[in-house]
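**Student:** Position one of the sequence shown corresponds to residue 17 (my numbering), numbered consecutively onward. Note that the Cβ used here is the ideal one computed from N, Cα and C, for glycine as well.
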Amino acid sequence: MIQFEFHISRQARDRYQIDRSLFTLSGNAIVADFQAAHQLAQQVNSTRDPDHPAKASDIYAMGLIDEILHLVIRQYRLQTNPQIFAQELDSLDQHIGKKHVDAALSQFTSTFPPTAVYQDQITSSDYLSSRTDGLPNRQIALEEMLLLWLANINPAFLNYKEFFDDSSLKSNSRYTEIINTLDANLDSQPGLDPNHESLIQMLRSPALASPSSLAGQLQYIQEHWGFIIGGDLQRVLKSLDFIKEAEKGGLPGPGPVHIPVYTPSQHHEHEIDLLPEEERFSPDSDWMPRLVMLAKNAYVWLNQLSRQYHRDINRLDQVPDKELDQMARWGFSGLWLIGLWERSPASQRIKQHCGQPDAVSSAYSLYDYVIAEKLGGEEAYLNLRHRAWQRGIRLAADMVPNHVGITSKWVTEHPDWFISLNYSPFPSYTFNGENLSQDERVGVYLEDHYYTRSDAAVVFKRIDHWTNNEQFIY
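1. From G449 to I24, what does the alpha carbon distance come to, in whole angstroms?
2. On the three-state DSSP scale, how would you describe I288?
3. Does T424 come out as helix, strand or coil in the three-state DSSP assignment?
4. Mind checking which residues open and close the beta strand (DSSP E) that includes A311?
5. Looking at the unbroken beta strand (DSSP E) that takes in E486, where does it start and where does it end?
6. With DSSP as the reference, identify every bridge partner of D480, one or two as the case may be.
7. Just to confirm, are I112 and P222 a CB contact at a threshold of 8 Å?
8. Out of curiosity, what's the CA-to-CA distance linking V133 and P361?
9. What do you reckon, are the CB atoms on D480 and V460 nearer than 8 Å?
10. Can you tell me whether R31 is helix, strand or coil according to DSSP?
11. How many Å lie between N484 and C370 at the Cα?
12. Using 8 Å as the cut-off, can you tell me whether the region 463 to 475 makes contact with the region 429 to 447, which would need three or more C-beta pairs spanning the two stretches below that distance?
13. What is the DSSP secondary structure of G350, reduced to helix, strand or coil?
14. Report yes if the C-beta distance between A172 and F180 is below 8 Å; otherwise report no.
15. Could you give the distance in angstroms between the alpha-carbon of S453 and the alpha-carbon of Q27?
16. Do the region 332 to 352 and the region 372 to 384 meet, that is, are 3 or more Cβ pairs less than 8 Å apart?
17. Restricting to Cα atoms, I'd like to know which of K115, E261, P129 is closest to S73.
18. From R323, S378, R306, E389, pick the residue whose C-alpha is nearest to that of G350; which is it?
19. Rounding to the nearest angstrom, what Cα-Cα distance links L57 and R90 in this structure?
20. Count the other C-beta atoms from every protein chain shown that fall within 10 angstroms of the C-beta of V308, then say buried if there are 16 or more, exposed otherwise.
21. Exposed or buried, what is H86 when buried is set at 16 or more other beta-carbons lying within 10 Å of its beta-carbon?
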């Protein structure tokens, strides 16, 4: 199928090292790439004036608008006049001269090269003399030239004109004369719009309806061109959401503090009856109000006991009865053990990489919700529970179900349980460090900037070694 490419000049491609097509039209489906928009914005902003940054949402919206205009032309070919651009080329050749038209098209193709031309897979002249999916590339180039002009006169595109500035075409070819002739000819052609606008009026209508706003132009397309874009309306809605998210400001400062008043006012003494505050606590068992609980970090406590008793005490079943007896004498009836669960070894490796060689894994960076093997596992826990209960001491533990390690059992076996993308949401992220997974089925890589504490590592990379599938999990 024909692929129409978002207009980016050779000069801009060289400056920002852009070597891929950002937005393409393939068949009936609009194909837009959020990842590419983010990547291009980052490349542009790395050298652009920071006071005028490029926004990925703007780039995505411009590419989508460009694609939709191509879609309008495609529908026009299918429904009204399949030979529209062949006829326009004949008219231009007759009134301006084929030599001048070809020179302008060649200048256009060199300045705004299709990917194949930019990558030197084919020359401009060879490209123009060939076909793509049966359609002469000369017609395709004329259509692209028309949309380039529409981009240049669209005020909402102005901040990105360096991508598609047509000044060199105006200076070095009969571009302006070609566009003026094409504009006049297409203005006489019937359009697709039920309001009977001409084709050129229809193509210009979004920019005329909302000159300064990309979101406004997409809103116009959504409201007026549903009969053309059909199922691709969802992409317009996603683009609008993308723009809204990008335009959100920072969090505002604190507002005024309103102190609630719970007593009825003089004029509304019955108010308190309208707002009953019923207590809905869970029922207390008889032991709950009398519970006196002692909290112990399991690993720290066992280490302290080892030093106190001058022997290794590493498992829960090795806790001396003497300690439990003393707790009971002091009046404790509950023992809260922190850090019972099997921890992810990746947490320890990350801490070591960050300069903490003696650190252990975080208590909430878990591999699985089972009693840690280093603490003796379930058997050791049951032993301690039995001995504690003989002294009237209940055991408690805390758990946070959404706290798991990046190499947890769930990440390995159920990656679909997590929010993820199939590409990194931030183009600046790299994942070149150590594979933190101890399971040969998967590779897990933390974002490199986390180790230098220059980024928070919003996602990590998971590679399925069986399928080579990559996921970037939040």
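**Tutor:** From the atom records:
1. 35 Å
2. With a pLDDT of only 49 at I288, under 50, the local geometry of the prediction cannot be trusted, and no value is derived from it.
3. This sequence places Ser at residue 424; Thr is not what is there. Coil, per DSSP.
4. 309 to 313
5. That run of the beta strand (DSSP E) goes 486 to 489.
6. V458
7. no
8. 51 Å
9. no
10. helix
11. Each residue's CA atom was taken as its position, placing N484 and C370 some 29 Å apart.
12. yes
13. strand
14. no
15. 44 Å
16. Fewer than three Cβ pairs drawn from the region 332 to 352 and the region 372 to 384 lie within less than 8 Å of each other, which leaves the two stretches out of contact.
17. E261
18. R306
19. The residue you asked about is not Leu; residue 57 is Ala in the sequence shown. Their backbone Cα atoms lie some 29 Å apart in a straight line.
20. So V308 counts as exposed.
21. It counts as buried.
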